[in-house]
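Residue numbers (the working numbering), protein chains in the order written: chain A, 27 to 706; chain B, 27 to 706.
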């Protein structure tokens with residue numbers, strides 16, 4: 027036995043001695059090396075590609091001869107002719123061990139391959155999805171030993187893959203016989219293994235299925251619905267797409283929708299239908315964009331706030347509108363597309379909905395916790411997921427707190443006079459010259475600033491259409507820095523500010539950013555109403571963060587993570603000028619992009635992450651803002667935009683701007699009170 | 027401890043000593059005595075009624091004093107005032123042990139109470155249904171410890187009933203919050219526990235649910251669909267109802283329907299829709315008849331032949347029409363009403379479909395095996411379930427064989443010129459005087475024979491409308507006994523038979539049973555075509571039985587059980603005259619009624635029976651008639667009606683009829699060939 031050849035796998039370092047003639051795939055299996063195979067070693071799926079290394083390996087005291095593996099064979103040649111193998115690659119199921127050898131398993135041949143996230147965070151997603159493909163050869167029916175075709179498929183999975191007690195989604199059964207006969211009793215099975223339940227066949231194809239299987243990670247927000255279509259074998263994001271949540275017509279913010287349900291019998295059913303139809307449209311759109319059949323989308327993961335959670339599930343959200351804000355169900359849910367009434371997905375598609383944390387802290391916050399892992403942080407981190415409803419997490423290794431705050435849709439460009447969603451033509455960044463008070467800006471779809479050469483030519487196509495969420499945050503902050511707005515939020519007159527851009531509008535003033543009205547285009551201004559909307563939103567956000575800091579008995583945090591569909595685009599400097607987030611050194615503010623969406627994608631690609639988030643949610647301390655008197659206090663106190671009267675040290679260092687002051691003139695009083703709610 | 031009072035429960039005989047003050051229910055629980063309770067001992071459900079016995083019990087060496095139980099209390103008084111308690115009864119949760127006592131648990135207080143079947147067989151059904159009721163008091167939501175309402179229900183089931191890992195049917199979740207609030211956090215939960223899966227909440231009601239829960243046992247036949255609505259707590263059959271299978275319009279027998287599916291794209295979908303709509307109609311009808319809400323029907327069990335099985339499930343039955351007759355799936359299925367598209371049932375209603383035995387031997391045969399238990403028989407029993415497709419089982423303790431035989435719908439009165447389904451007005455029994463050749467008969471709905479006083483008055487309302495299955499069997503056999511038909515099946519002329527009732531009809535003759543045409547009523551005859559149809563049907567049945575006997579290497583069986591929806595109504599004598607079944611002493615022929623339907627009812631009421639039938643099915647030897655040359659041989663040989671030329675000893679003893687013979691004249695030749703199939 028000790029004279030058998032030594033096989034060393036890299037990068038795992040796993041090693042063992044195997045008899046001459048052992049296929050590399052078999053050796054890998056026996057050592058527990060992570061080497062993929064869908065066809066089970068039949069030389070047809072090519073998932074088990076490996077790269078042998080030849081020559082001297084002093085580290086291992088090994089010389090690998092050119093003859094260490096069996097000769098290139100006809101199966102490999104056929105595959106190479108048909109699809110092409112990279113130079114140096116072999117098929118692990120065909121190449122057999124002939125002598126001592128070092129074998130590298132390239133990342134794409136690993137089952138649990140790691141997918142690097144695009145976001146700034148270094149965390150990678152290890153591929154371990156709930157649904158996997160298995161190629162099986164099924165016994166033909168024998169009328170003298172009658173058994174069902176499905177039962178023989180289950181037997182093949184047991185005998186060829188060691189998987190016991192396989193069941194089938196009911197939707198798969200009617201098509202099974204045709205697939206088996208078309209594939210001449212060789213089929214590929216998609217098998218879903220959920221926590222505790224029996225493995226379940228959710229799709230079958232004749233022969234070896236090579237078109238891939240896919241999953242959707244959906245961040246179902248109050249205002250926008252964002253989806254990532256992900257290849258469940260490779261982790262690759264094939265397409266990302268978003269649409270507006272059609273429920274906006276029933277109410278722009280969550281409480282408006284709850285009111286709609288309370289006041290209109292059947293209103294909840296109407297909203298459920300609207301969101302499900304939108305999800306169907308989004309599913310078809312994103313599949314078309316990626317050029318794949320919707321029938322290949324076998325998994326969908328949802329993250330959403332509690333009201334969207336209930337409306338998606340068809341639950342009247344009325345209890346979420348009043349204390350004690352009782353969720354109908356809070357645990358993670360495993361469902362099927364047919365149960366959820368999602369017609370664009372295959373009926374057998376498996377749905378996973380992350381758990382909710384509390385009546386106002388939803389599965390989206392859970393997804394942020396999964397993505398940003400505040401509970402693993404050494405220092406005290408504040409994670410703010412900015413949206414129509416902000417999810418706020420504060421914590422470190424010792425303890426994590428969570429709350430949500432009803433910021434309203436202003437941060438997403440809604441309820442803003444020139445507001446619009448982030449799309450080409452929208453102003454996303456703005457700077458105001460403190461001397462001339464003139465703006466320069468950048469729009470989505472063009473890398474240049476408006477005072478750079480070529481900007482107007484490049485934007486001629488889209489035009490300047492409005493201001494998106496990150497744009498309005500910068501505009502208000504820059505107006506404050508430039509002395510156009512006083513600490514109470516009041517816009518000064520032309521006389522007070524010294525610029526004709528401050529134009530009268532009713533009894534208040536507005537700041538003119540861009541006027542294309544002469545050419546029939548829009549006139550883009552920031553009005554007093556816009557400032558008030560942003561003040562309400564930022565006060566709510568800040569008050570939520572402060573409430574959690576009170577609970578932790580701290581006055582400051584070590585770092586801040588800005589998240590949200592457009593969180594990545596918010597300028598930390600301007601967020602702090604506005605007072606959206608507590609003061610921290612600017613280099614301690616990072617952006618996590620759409621952390622909730624990322625959390626959904628992690629749960630889509632890795633089943634262990636589902637168990638992880640279910641565990642983490644149980645350990646989070648929930649803080650209910652709606653009934654906490656201190657929240658109202660913090661909210662009122664946070665209304666001002668403090669920069670001018672209470673100089674901001676970080677800002678001073680960076681912008682070197684002179685302090686500007688002018689007669690404050692008093693506010694209109696609306697901003698300091700309770701957050702008003704608009705009805706859609 | 028040894029001085030604690032002794033408590034003896036009857037009829038179980040279980041005994042133990044309990045501290046003074048122990049509630050009787052608690053003592054029963056600790057001893058494993060089968061004493062029901064839905065409310066968990068709160069004195070509101072009254073399921074735990076017991077009867078204490080007082081006086082001397084020399085057998086136990088015990089004297090039970092009048093003070094052996096605590097005094098009648100206010101809770102018992104309130105229940106007695108409201109609903110009435112039988113004399114001597116106490117509530118087991120209220121009465122506490124004060125001294126040595128003997129306590130009887132009446133049958134209606136036993137969870138696993140036994141239900142005596144109406145059929146002749148002595149076997150009883152032990153109540154142990156998959157769905158049970160539990161009353162729970164649920165914690166109210168606390169916004170400082172936020173959890174979902176559902177999660178608190180699960181916690182209550184765990185804490186109050188020791189049931190772990192409860193899940194909820196998705197359909198239950200949207201209504202849960204309203205029920206909890208309406209019941210002031212006290213609710214009754216219907217919990218379904220299927221093999222291996224987590225316990226599942228399938229219905230909830232506010233407070234204590236007293237309207238019962240129900241199940242449907244459905245025998246889905248080719249020609250008729252029969253249902254029994256059963257109380258899942260008591261086992262009581264609340265209503266039985268049947269309707270015609272609307273698929274008859276696509277083909278009267280199974281192979282015609284398979285052909286319809288093969289030749290008409292979408293034909294299978296059309297037939298699936300038809301049968302599901304019929305099941306919805308039947309469900310609504312039977313619930314209305316019993317006066318219960320369909321929402322209370324939480325379980326349904328189906329038994330059916332393989333073609334109906336596939337068409338119910340939405341599977342194209344094409345593979346069942348050709349060798350090797352592969353079933354798409356053969357194992358038992360656990361589904362929900364929503365998956366099966368049964369709209370009249372609650373979406374969460376649980377469906378159990380018995381396993382199929384083979385491509386031609388279905389879940390109905392499995393149900394007959396469950397009901398009649400040939401595998402437990404000491405002597406060799408032949409069980410024949412007569413229907414459009416006959417299920418035939420032959421066996422004893424050592425081995426059981428099964429096959430099916432395509433008898434066609436003649437035995438159900440279809441394809442018969444004056445045939446009709448069993449309904450008031452149908453001739454169900456007939457005798458022909460061997461001398462006068464005149465008939466006398468009995469119709470459904472009247473106990474008298476047609477030659478008895480009052481018959482015509484009593485049947486004036488319904489009239490004489492036709493002949494049902496058992497009637498046509500008797501008519502043909504009696505015609506043979508009376509010498510109206512020769513061994514080949516040919517009806518003699520008036521001249522040959524000496525009766526004017528033998529009237530010419532085309533090139534053949536018919537026998538006139540009843541002529542109401544003068545009053546605008548029907549003219550009821552048995553035609554040559556009717557005789558041929560019965561010959562084909564009985565030959566198929568007999569050939570199937572013979573084939574199984576060949577497999578067992580026997581020439582005779584010890585006893586015969588006739589089963590089927592109308593099997594109970596078939597006269598064993600006439601069945602043997604016809605040659606439907608092999609010869610056995612007449613007292614060895616028993617009737618089991620609708621054995622398949624009974625099997626369905628057993629599986630509905632007892633989960634262990636489901637495991638039992640799944641096991642038994644695996645042990646049955648399947649014989650495929652369709653490809654067995656000997657089946658054709660037996661079929662051809664069985665065509666004759668042998669009585670006259672091959673005197674039937676049993677018949678001679680009983681009927682004392684003279685043998686009659688006449689010129690046979692030869693048949694038209696159609697009966698001896700392969701069984702022809704009509705298309706509907």
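Even glycine gets a Cβ: it sits at the ideal position worked out from N, Cα and C.
- Listed in chain order, the non-local C-beta contacts of residue 501 of chain A below 6 Å within the same chain comprise 456, 552, local neighbours out to five positions each way being set aside.
- In this model, residue 228 of chain B and residue 321 of chain A are separated by some 30 Å (Cα to Cα).
- Annotation for residue 381 of chain A: no alpha helix (DSSP H) segment contains it, and DSSP assigns it neither H nor E.
- The C-beta distance from residue 470 of chain B to residue 449 of chain B rounds to 6 Å, short enough to fall under 8 Å.
- Note that the stretch 408-419 of chain B touches the stretch 562-572 of chain B; at least 3 beta-carbon pairs, one per stretch, sit closer than 8 Å.
- For the stretch 188-202 of chain A, the beta-carbon criterion of a distance under 7 Å to any beta-carbon of chain B is satisfied by 196, 199, 200, 202.
- Assignment of residue 632 of chain A by DSSP, reduced to helix, strand and coil, places it in the strand class.
- For residue 321 of chain A, not one C-beta of chain B is nearer than 8 Å to its own C-beta.
- Residue range 554-578 is occupied by the alpha helix (DSSP H) that includes residue 566 of chain B.
- Between residue 332 of chain A and residue 388 of chain A, the CB-CB gap stays under 8 Å.
- Counting along the chain, residue 213 of chain B sits inside the beta strand (DSSP E) bounded by residues 212-218.
- Excluding five sequence positions before and after residue 132 of chain B, the CB atoms of its chain that fall closer than 7 Å to its own CB belong to 75, 77, given in chain order.
- Residues of chain B with a Cβ closer than 9 Å to the Cβ of residue 646 of chain A do not exist, since the nearest Cβ in that chain sits about 10 Å away.
- Scanning chain B for C-beta atoms nearer than 7 Å to the C-beta of residue 357 of chain A yields 174, 177, reported in chain order.
- In the structure shown, the three-state DSSP call for residue 475 of chain A is coil.
- Within the model, the alpha-carbon separation for residue 268 of chain B versus residue 244 of chain B is close to 9 Å.
- Of A:360, A:545, A:373, the smallest CA-CA separation from residue 306 of chain A is found for A:373.
- Per DSSP, the unbroken beta strand (DSSP E) holding residue 264 of chain A starts and ends at 263-270.
- In the DSSP assignment, residue 254 of chain B falls within the beta strand (DSSP E) that extends over 250-257.
- The three-state reading of DSSP puts residue 648 of chain A in strand, counting E and B together.
- Under the Cβ criterion (8 Å, minimum of three pairs), the stretch 178-187 of chain B does not count as touching the stretch 264-282 of chain B.
- The count of Cβ pairs closer than 8 Å, one atom from the stretch 154-164 of chain B and one from the stretch 193-203 of chain B, stays below three, leaving the stretches out of contact.
- Annotated three-state conformation of residue 323 of chain A is strand, per DSSP.
- Counting only residues of its own chain and dropping the five nearest sequence neighbours on each side, residue 298 of chain B has a CB closer than 6 Å to the CB of 337, 340.
- Within its own chain, the residues whose Cβ lies closer than 6 Å to the Cβ of residue 41 of chain A, once the five positions on either side in sequence are excluded, are 34, listed in chain order.
- By the criterion of a C-beta distance shorter than 7 Å, residue 238 of chain B is surrounded in its chain by 257, 259, 322, once the five residues flanking it on both sides are discounted.
- In the DSSP annotation of this structure, the continuous segment of the beta strand (DSSP E) that includes residue 42 of chain A starts and ends at 41-43.
- Pairing residue 398 of chain B with residue 599 of chain B, the inter-Cα distance amounts to about 21 Å.
- Residue contact with chain A for residue 428 of chain B: absent (no Cβ-Cβ distance below 8 Å to any residue of chain A).
- Chain A places no beta carbon closer than 8 Å to that of residue 276 of chain B, leaving this residue out of the contacts.
- Residue pairing by DSSP places residue 231 of chain A opposite A:214 in a beta bridge.
- Using a CB distance cut-off of 8 Å, residue 361 of chain B counts as an interface residue toward chain A.
- Residue 393 of chain A places its beta carbon 8 Å or farther from that of residue 174 of chain A.
- Every alpha helix (DSSP H) of 4 residues or more that sits fully in the stretch 472-543 of chain B is shown, in chain order, as 481-484, 495-507, 520-523.
- Under the Cβ criterion (8 Å, minimum of three pairs), the stretch 477-489 of chain B does not count as touching the stretch 640-648 of chain B.
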